[in-house]
Amino acid sequence: MALPLLEYKPTTQNQRVQSFGKADLNEDTPYIYRLEDANSPAEMQDLIWAGYRQIFSEHEILRFNRQIQLESLLKNGSINVREFIRGLAKSEAFYRVVVSVNNNYRLVDICLKRFLGRAAYNKDEEIAWSIKIATLGFSGFVDALLDSQEYVDAFGDFTVPYQRKRMEGRPFNLVTPRYGEDFRETAGTVKTDWRFTLEKIYTRKYQDQQLPEGDPRKYREMAISVSTKRNYAQGVSAFSIDYLNKVPNRNKR
1 MALPLLEYKP TTQNQRVQSF GKADLNEDTP YIYRLEDANS PAEMQDLIWA
51 GYRQIFSEHE ILRFNRQIQL ESLLKNGSIN VREFIRGLAK SEAFYRVVVS
101 VNNNYRLVDI CLKRFLGRAA YNKDEEIAWS IKIATLGFSG FVDALLDSQE
151 YVDAFGDFTV PYQRKRMEGR PFNLVTPRYG EDFRETAGTV KTDWRFTLEK
201 IYTRKYQDQQ LPEGDPRKYR EMAISVSTKR NYAQGVSAFS IDYLNKVPNR
251 NKR
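All residue numbers for the sequence shown refer to the UniProt record's numbering, where the first residue is 1 and numbers rise by one.
Have a look at this one:
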């Protein structure tokens, strides 16, 4: 018996805002590829490449990752766009490039970006979907995403998924899935590539981890946050002080 998806809530109300709309069209607004708009072989090929870019990312559009049979089925009208995306997600190439090199939490975040066009709301959502992977396997997880009401409402059967939320850095399909921290440590990249080694050693977090217990430098961030008000010495000159008035008059009885 499959476990139901755990309930989770968006971190902020901003998750409900429609990010891309007619009122804010700009260079970051995604071009939407729909099957009904593909009226020529060239436009159909553009739609197929859009699917590859969204699911595999720009870095992995290589000849040996192509799924020729799926492309033919889509061109012949035997499957719709949603089934084409499902086939790409369940392909051996996607498993090799994305699934096998990430833990379940990062895999959830990547797949939400690729299939639903948004990042995970919070850690609760990552945990909820990771349980789906653990109980249904990756294939069942893909089906749960593509058959979800959110996917149907956003893309339906004929639209290639696209990034629906504003960018805070690189677009989702430009983020390389193979170089998460877990993969670098497992593959030994951190030990063999001097760039990753230097980046790790010279970060403040890494340096603080190397300090022995009880070292006051471990608590400098906490000490700084205790009080943001600075106390400065008063600019009083010694010549401006009347020392005679400071001495008590002993002649007074």
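The beta-carbon is built from N, C-alpha and C at its ideal position, and this holds for glycine as well. Only a predicted model underlies this, so the values are computations on that prediction, with no experimental measurement involved.
Three-state class that DSSP yields for residue i in the structure shown
{"i": "residue 135", "result": "helix"}
CA-to-CA distance, residue j to residue i, given in whole angstroms
{"i": "residue 78", "j": "residue 70", "result": "9 Å"}
{"i": "residue 123", "j": "residue 41", "result": "43 Å"}
{"i": "residue 57", "j": "residue 136", "result": "25 Å"}
{"i": "residue 141", "j": "residue 115", "result": "11 Å"}
{"i": "residue 37", "j": "residue 96", "result": "32 Å"}
{"i": "residue 223", "j": "residue 48", "result": "56 Å"}
{"i": "residue 162", "j": "residue 121", "result": "17 Å"}
{"i": "residue 67", "j": "residue 206", "result": "43 Å"}
{"i": "residue 154", "j": "residue 146", "result": "11 Å"}
{"i": "residue 158", "j": "residue 131", "result": "29 Å"}
{"i": "residue 139", "j": "residue 73", "result": "20 Å"}
{"i": "residue 126", "j": "residue 160", "result": "23 Å"}
Residue from the options whose Cα sits closest to the Cα of residue i
{"i": "residue 33", "options": "81, 108, 75, 92", "result": "81"}
{"i": "residue 128", "options": "144, 115, 117, 139", "result": "144"}
{"i": "residue 150", "options": "118, 208, 89", "result": "118"}
{"i": "residue 269", "options": "88, 220, 46", "result": "The structure shown has nothing for residue 269, since the chain only spans 1 to 253."}
{"i": "residue 134", "options": "108, 76, 215", "result": "108"}
{"i": "residue 93", "options": "153, 29, 52", "result": "52"}
{"i": "residue 152", "options": "207, 39, 83", "result": "83"}
{"i": "residue 85", "options": "111, 43, 131", "result": "111"}
{"i": "residue 30", "options": "164, 100, 131", "result": "164"}
Enclosing alpha helix (DSSP H) for residue i [first to last residue]
{"i": "residue 31", "result": "Segment: none, residue 31 is in no alpha helix (DSSP H) and carries neither H nor E."}
{"i": "residue 69", "result": "68-75"}
{"i": "residue 94", "result": "92-97"}
{"i": "residue 104", "result": "104-111"}
{"i": "residue 42", "result": "41-56"}
{"i": "residue 296", "result": "This structure does not reach residue 296, given that the chain is present from 1 up to 253, and the question cannot be answered."}
{"i": "residue 119", "result": "It is not in any alpha helix (DSSP H) - residue 119 carries neither H nor E in the DSSP assignment."}
{"i": "residue 219", "result": "Unbroken run through residue 219: none, as it is neither H nor E."}
{"i": "residue 152", "result": "149-154"}
Residue i classed as buried or exposed, judged by whether at least 16 other C-beta atoms fall within 10 angstroms
{"i": "residue 106", "result": "buried"}
{"i": "residue 211", "result": "exposed"}
{"i": "residue 213", "result": "exposed"}
{"i": "residue 45", "result": "exposed"}
{"i": "residue 113", "result": "buried"}
{"i": "residue 54", "result": "buried"}
{"i": "residue 43", "result": "exposed"}
{"i": "residue 215", "result": "exposed"}
CB contact below 9 Å: residue i versus chain C
{"i": "residue 47", "result": "Considering every chain present, this structure includes no chain C. It has just one protein chain."}
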